[in-house]
Structures are given as C-alpha cells and as structure tokens.
Amino acid sequence: MATNATDAGTASTANTPTAEIGVIGGSGFYSFLENVTEIQVDTPYGSPSDSLFLGEIAGRRVAFLPRHGRSHHLPPHRINYRANLWALRSVGVRQVLGPCAVGGLRPEYGPGTLLVPDQFVDRTQSRVQTFYDGLPLPDGTIPNVVHVSPADPYCHDGRKAALEAARGQDWEPVDGGTLVVIEGPRFSTRAESRWYAAMGWSVVGMTGHPEAVLARELALCYTSMALVTDLDAGAVSGEGVSHEEVMEVFAANVDRLRTVLFDAVAGLPADGERDCLCTRALGGLDPGIQLP
Ligand SMILES: [Zn+2]
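Under our numbering, think of the first position of the sequence shown as 32, with each following residue one higher.
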C-alpha cells in the first residue's frame, strides 16, 4: 500500500541519531553549532554529497547536508540528488529547506535579494529526476512507475515560514517568482539570460532541479530560499557573471541568511502537524519500494 510506504517510520536503528528537518546547503550554516554529530549514510541510489551533520536549532533536530560536498568539489550536474534526499528521509527528515545562490534576471533583483520562489522551470539536461525509474534496487525490489505532480513544487507552509523569518530580520523577501534551473556549470549567455527574463522568470540557478521534485517523490516538504549573488548577464551590461563575484556576495550574506534559515526552521510545522499537499504526494500511488 502506498500509504504504508509513505508513512513508514525511519529506517534508523535505535542508535542512529535522527532529525526532522533537513537543510541542503554549505558548511557555513552549521559549522558553529554546538554538539554537531556527523554520520555517514548510504542509500540504494549511491552516496550523498557528504556526511549528514546533525544538530539542534530551537529545539528542532536538523540534518545539514553540504550540497556540493564539504570541500565544494561537486559541480551541480554531478550531485547525486537522489542519494541526498533519500539519505535525509532515512534519518527521519520530512521537511527540507534548500538555500541556494542564484542570479537575478531583473535589475530590481540585485545582489543581496532574498527570493522565495513558488515555481521553477527546468533547463537541465543530464540529471536523473525520479526514484521510480523501473530499475531494480540493490535489495531486488523494483520501483513502480509513478507520476507525481509538481504543479506547485514548493511547500506552502515551508514558504510561509521562510518569508516570515526573513521579514522578522527586516530582510523583505520577494514572495514568489520563477527559478530557472540551468545545467551549468557554465553561466548563461546574454541571449539565454534575456530570453529567461523575457519569459517573465525571476532568477536563475543550477541546483533547484531535480532537488524539489525528488523531495516531492518522497512526500517531503521542500522550500527553496534563493539568495541573489549577481545580476545575470542579460540584466546588466559588462563582462557577465564571475565565480568570484558569486562567492563574495554569498560570503557577505551568509550570516543573515543563516539567521533567517534558523528562524525558518523554528517556524516550520511540527512533524505531527504537517497538513500540506506534499504529505499526500503519493496518495493512492504504489511506489513498489519501501521508502526509508
Ligand atoms: Zn509541505
């Protein structure tokens, strides 16, 4: 039964630390927390980007996962997104926050803008975007073909928590907008960037897909928090985006982004009180495999 698979408890043993909330982002978010526990998790879909780092924020147990690995060695197209989401769910995580760096596609979305998107457009090319691909897992079980809906790809309650957290820090966020996810690792040409802007899309990044849809396939809540680190090539004249520029702006904003992130964690619904559509993503569907 789909319901049993979806609602099954965690695969963790009594000795394995657990978490209820996952944060997929860099080490800048957890490195100063006290009593952080590092655990390695393997998954039927391979290894996640790094260990999980478990700590506590406002009484909530949180698992941090450095999306690009702790030494930032994984480019966006080589991240094992399936393993990352599966690993988080296997330690008990049911709600995920995904902070990310993006380029602004409109002049008014300059560096330092925080945008909480409500839509994405997939412009990636090479990424596996489903757990349910009909191929056998190492334990011999075979996922059924399952079609979930990402019509509204981000969690309603998670977005609300993120927006309220930003406002609480006097950082007025952009409420909604479309994140274009490109394959990378290169940035956009000026023509591509102008095209995205002409379509009415808001910001451009490299990791938002398939992260959000894979979370949906596991009935996890997922919320993106996009920090604009630069104006994309089409929104500004000059030489275009540089990697250094992105890293500089991210570093300059990481403290307040961390504060907002932690406040958002505190504002997420308790595990037993989740009542969003994400929880019913697999309603009536049989994935054919046991979710962790
Ligand atoms: Zn949700």
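Cβ atoms here follow ideal geometry from the backbone N, Cα and C, with glycine treated the same way.
Contacting residues, own chain, Cβ-Cβ under 6 Å from L85 (five flanking each side not counted):
So the qualifying residues of the chain are P48, A50, T68 and A94.
For L145, which beta-bridge partners are listed by DSSP?
Answer is L258.
DSSP three-state label for E203, please.
Note: E203 maps to coil in three-state DSSP.
Per the contact definition of three or more C-beta pairs closer than 8 Å, is the region 112–119 in contact with the region 212–221?
When Cβ pairs closer than 8 Å are counted between the two stretches, the region 212–221 is seen not to touch the region 112–119, the count staying below three.
Between D81 and R101, is the Cβ-Cβ spacing less than 7 Å?
It is a contact, given that the beta carbons lie within the stated cut-off.
Jot down the residue ranges of each uninterrupted alpha helix (DSSP H) in the region 266–298, minimum 4 residues, whole runs only, in chain order.
Listed in chain order, the alpha helix (DSSP H) runs fully inside the region 266–298 are 274–298, counting runs of at least 4 residues.
Cα-Cα separation between S121 and G315, rounded to whole angstroms:
One C-alpha to the other measures close to 22 Å.
State the Cα-Cα distance for the pair E248 and D286, rounded to the nearest angstrom.
Computed Cα separation, rounded: 32 Å.
Straight-line gap, A39 to A312 (C-alpha atoms, nearest Å)
For A39, the predicted structure reports a pLDDT of 36, less than 50, and the residue's modelled location is therefore unreliable. The matter cannot be settled from this model.
Shortest alpha-carbon distance to G53 belongs to which of P130, L146 and L136?
Put simply, of P130, L146 and L136 the residue whose alpha carbon is nearest the alpha carbon of G53 is P130.
With a CB to CB cut of under 7 Å and the five nearest residues on each side skipped, what residues in its chain are close to L64?
Around L64, the same chain offers G86 as residues with beta carbons nearer than 7 Å, after the five sequence neighbours per side are excluded.
Using a threshold of 6 Å, is the CB atom of C186 nearer than that to any non-hydrogen atom of ligand 1?
Yes, the Cβ of C186 comes within 6 Å of a heavy atom of ligand 1.
Under 7 Å between the Cβ atoms of P323 and A243?
In terms of Cβ geometry, P323 and A243 do not form a close pair [threshold 7 Å].
Residue range of the alpha helix (DSSP H) that E304 falls in?
Premise fails: E304 is in no alpha helix (DSSP H) and is neither H nor E.
Close Cβ partners of L288 (< 7 Å) along its chain, the five nearest in sequence each way excluded:
Excluding positions up to five away in sequence, the list reads P130 and L258.
Roughly how many angstroms separate the alpha carbons of Q200 and G271, rounded to a whole number?
Taking C-alpha positions only, Q200 is separated from G271 by approximately 31 Å.
Apply the 10 Å Cβ neighbour rule to A182 and answer buried if 16 or more other Cβ atoms are within range, or exposed otherwise.
Exposed, by the Cβ-count rule.
A94, DSSP secondary structure in three states:
When DSSP states are grouped into helix, strand and coil, A94 belongs to the strand group.
Should V235 and V152 be called a contact, given that it needs their Cβ atoms to be closer than 7 Å?
Not in contact: V235 and V152 (Cβ atoms no closer than 7 Å).
For ligand 3, is there a heavy atom less than 6 Å away from the beta-carbon of C131?
In terms of ligand content, the structure shown lacks ligand 3 and carries ligand 1 instead.
Between the alpha carbons of T260 and G143, how many angstroms are there, rounded?
Approximately 6 Å between the Cα atoms of the pair.
When the Cα atoms are used, what is the spatial distance from M278 to S233?
Taking the straight line from one Cα to the other gives about 20 Å.
Locate the beta strand (DSSP E) running through R30, then write down its first and last residues.
In the structure as shown, the chain starts at 32 and stops at 323, and residue 30 therefore has no counterpart that could be examined.
A324: first and last residue of the uninterrupted beta strand (DSSP E) it sits in:
Here the chain has residues from 32 to 323 only, and residue 324 is not among them.
Could I get the ranges of all uninterrupted beta strand (DSSP E) runs contained in the region 51–105, with 3 residues as the minimum, in chain order?
For the region 51–105, whole beta strand (DSSP E) runs of length 3 or above, ordered along the chain, are 52–55, 68–70, 83–88 and 91–96.
Minimum C-alpha distance to A326 - residue among S180, E223 and F293:
This structure gives no information on residue 326, because the portion of the chain shown stretches from 32 to 323.
Compare the C-alpha of R198 against each of E223, V147 and M230 and name the closest.
Ranking the options by Cα distance to R198, first place goes to V147.
Could you have a look at T37 and say whether DSSP puts it in helix, strand or coil?
No answer about T37 holds up, because its pLDDT of 35 lies below 50 and its placement is not dependable.
How would you call V159, buried or exposed, if buried means at least 16 neighbouring beta carbons within 10 angstroms?
Taking all protein chains shown into account, V159 has fewer than 16 neighbouring C-beta atoms within 10 Å of its C-beta and is therefore exposed.
When the Cα of G219 is compared with those of C186, L194, T155 and M256, which residue comes out closest?
Looking at the sequence provided, one finds Ser at residue 219 rather than Gly. Looking at C186, L194, T155 and M256, the one whose alpha-carbon comes closest to that of S219 is T155.
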